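If you read the sequence shown in the working numbering, its first letter stands for residue 20, the second for the next number, and so on.
All residues carry an ideal CB built from backbone N, CA and C; glycine is no exception.
This structure is a prediction, so every number in the text was calculated from the model and none was measured.
Structure, as structure tokens:
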Amino acid sequence: MKRDFGTTAKGEQAFLYTLKNKNGMEIAVSDYGAVLVKVLIPDKAGNLVDVVLGYDDVNGYEAGTLYFGATVGRVANRIGGGSFELNGKTYMLTQNDNKNTLHGGTPYYDKRMWMVEEADEGHVSLALHSPDGDQGFPGAVDIHVTYTLTDENEVKIHYHGIPEADTLLNLTNHSYFNLSGHASFDVLGQEAMICADAYTRADAESIPTGELVPVDGTPMDFRTMKPIGREIGTDYEALVLGQGYDHNWALRGKGYRQAAAMYSEQTGIEMKVYTDLPGMQFYTGNFIERENGKGGAIYGKRQGACFETQFFPDAVHKEQFEGPVVKAGEAYDTVTVYQFSWE
Ligand code: BGC
């Protein structure tokens, strides 16, 4: 189902595509920014609970600066110094986070109209042509992002692109999840688990130092489920510098596997995250401040948590980190799944 989602400042018509599965789950995706606008899960009483933060229409997404539901690219997270070298050439990017580049820089992927290639009840495929020099990155690439809602209650996001020249690619989804409902309180009482034995240490500007720090004995240890807020206020370097959780965890293992989980006792909704990527930024919405959201909700600090699957931040400057260089003619092809269950 497709409905009007409003008109952008430039006069472009945006649409909202709704997908449904046989268990009563529904999601909605817009062709503006390829953003995930809604994820509706039936609760015990059969009412639908929307578990992602967002806005009511395209104008909300145009004005928003928090990346609600956003498809982030060409390179999610940070590139130190806002530049990098590839094949002996230096490329300059937007310095939008101190002197560093955050989430690709301008023009952001989530502030553009994407083209809908296919849409039905179960999936929607969106495409974006990113030209040579886009945001400062070399090599044109047609990016394809497909959202599928399966009968196994998975929101599956598939990313694909074959660049014309060697470049960097590292897309992610920036949804903020609140499993008690987007309009409820902060997520500090909800539980999370991250399948990682170490995280990447970062400086005061969130640029990794290159070191991997074991989570054992630290507040970064999410190897078993625990309340998100239990240790968030600890006087621990990473939490002080990040103003809460805003770090990349080095996921255990390789290939497609579980990365994380989240649970709300209040609704009984559980989410499991799966990916084939090496890292995940777990960000607890530390910088949300009185943001006007869907249906009149006002979102506050830590009202949602992001599970941003990715190559490690600043990997282009760290030999020991994998990615995110993709060679000309080679496929960038990756999948992340958010799978839901409820009592
Ligand atoms: C970053 C945060 C940033 C946020 C923007 C996250 O991916 O790690 O530092 O503030 O995106 O909403």
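TODO: Please name the residue in Val335, Asp185, Val54 whose C-alpha comes closest to that of Thr165.
DONE: Looking from the CA of Thr165, the closest CA among Val335, Asp185, Val54 belongs to Val54.
- [ ] Please classify Gly348: is it buried, with 16 or more other beta-carbons within 10 angstroms of its beta-carbon, or exposed?
- [x] Residue burial is scored here from C-beta neighbours: Gly348 has fewer than 16 other C-beta atoms within 10 angstroms and is therefore classed as exposed.
Open item on the list: Closest to Ser225 by C-alpha separation, out of Leu147, Leu67, Gly100, would be which residue?
Closed with: Gly100
Open item on the list: On the DSSP letters alone, give me the boundaries of the alpha helix (DSSP H) that Val259 sits inside.
Closed with: 256 to 261
Task: Rounded C-alpha distance that separates Gly180 from Ala350 - done: Distance between the alpha carbons of Gly180 and Ala350 is about 6 Å.
Task: Beta-carbon proximity of Ile46 to Gly92, cut-off 8 Å - done: Cβ distance not < 8 Å, so Ile46 and Gly92 don't count as in contact.
Open item on the list: Could you check if Gln277 belongs to the surroundings of the ligand BGC, using beta carbon to heavy atom distance under 7 Å?
Closed with: Result no, Cβ not under 7 Å from the ligand BGC.
Task: Close beta carbons around Thr237, own chain, < 7 Å, minus the five adjacent residues each side - done: Tyr255
Open item on the list: Using a Cβ-based criterion (distance less than 7 Å to any ligand heavy atom), does Gln114 qualify as near the ligand BGC?
Closed with: Flag unset: Cβ of Gln114 not near the ligand BGC.
TODO: Starting from the N-terminal side, write out each stretch of the alpha helix (DSSP H) that is 4 residues or longer and does not extend beyond the segment 242 to 295.
DONE: 256 to 261
Open item on the list: Is any non-hydrogen atom of the ligand BGC found closer than 7 Å to the C-beta of Leu190, if you look at the structure I gave you?
Closed with: no
Task: Three-state secondary structure (DSSP) of Gln154 - done: helix
Open item on the list: Considering only heavy atoms of the ligand BGC, does any lie closer than 7 Å to the CB of Ser203?
Closed with: no
Task: Per DSSP, cross-strand counterpart(s) of Ser360 - done: Glu289
Task: Beta-carbon proximity of Asn197 to Gln358, cut-off 8 Å - done: No; because the gap between Cβ atoms is not below 8 Å, this pair is not in contact.
Open item on the list: Counting C-beta neighbours from all protein chains within 10 Å, is the total for Ala28 16 or more, i.e. buried, or is it exposed?
Closed with: exposed
Task: Pair within 8 Å by beta-carbon distance, Thr186 and Phe156 - done: yes
Open item on the list: DSSP three-state label for Asp50, please.
Closed with: coil
- [ ] Determine the DSSP secondary structure at Tyr80, reduced to helix, strand or coil.
- [x] helix
- [ ] Just the C-alpha distance for Ser199 and Gly158, rounded to the nearest angstrom, thanks.
- [x] For Ser199 and Gly158, the distance between alpha carbons rounds to 42 Å.
Task: Whether Asn305 touches Asp265 by CB criterion (8 Å) - done: Going by C-beta atoms, Asn305 is nearer than 8 Å to Asp265.
Open item on the list: Please state whether the Cβ-Cβ distance between Thr90 and Asn189 is less than 8 Å.
Closed with: Contact flag unset, no.
TODO: Take the Cβ of Asn66 as the centre, count every other Cβ of all protein chains shown within 10 Å, and call the residue buried at 16 or more, exposed below.
DONE: exposed
- [ ] Scan the segment 65 to 132 and note each continuous alpha helix (DSSP H) run of 4 residues or more that stays entirely inside, going in chain order.
- [x] 77 to 82
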